[in-house]
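In this note's numbering, the protein residues as written are 741 to 844.
The next block holds one structure in the form of structure tokens; read it before the comments.
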């Protein structure tokens with residue numbers, strides 16, 4: 741009886757993996773690389789904001805807040821988190837654009 745239960749559990753795990761494989765295959769079929777320009781204007785506007793003076797202002801604000809929280813809480817993690825957020829805000833859009841516009 742124990743053998744049958746173990747065998748049944750193994751098939752259940754295999755069944756979940758099979759469903760996952762089928763879902764990933766279906767997703768790969770529907771995924772297409774296209775050169776759509778629908779959101780180019782909005783995308784460029786957000787990138788201009790984040791890489792321009794507004795992004796620099798936000799980065800300085802985050803750094804100042806992180807420095808203040810570091811002083812108040814006596815923990816450097818707030819400053820490290822602020823530096824990470826500032827870097828992600830200023831460099832993130834360029835990295836994302838290079839990922840999504842990569843061609844072979």
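Ideal placement from N, C-alpha and C gives every residue a C-beta, glycine not left out.
Exposure of residue i, with buried meaning 16 or more beta-carbon neighbours within 10 Å
i           : result
residue 822 : buried
residue 826 : buried
Beta-carbon gap between residue i and residue j smaller than 8 Å
i           : j           : result
residue 806 : residue 819 : yes
From the options, residue whose alpha carbon lies closest to that of residue i
i           : options            : result
residue 794 : 829, 757, 841, 808 : 829
residue 841 : 813, 780, 754      : 780
residue 838 : 815, 814, 762, 783 : 783
How about the stretch 823 to 835 and the stretch 785 to 802: do they share at least three Cβ pairs that are nearer than 8 Å? Judged by pairs of C-beta atoms under 8 Å, the stretch 823 to 835 touches the stretch 785 to 802, as three or more such pairs exist.
Do the stretch 761 to 768 and the stretch 798 to 806 make contact, defined as three or more Cβ pairs closer than 8 Å? The answer is no - the stretch 798 to 806 does not touch the stretch 761 to 768, with fewer than three Cβ pairs under 8 Å.
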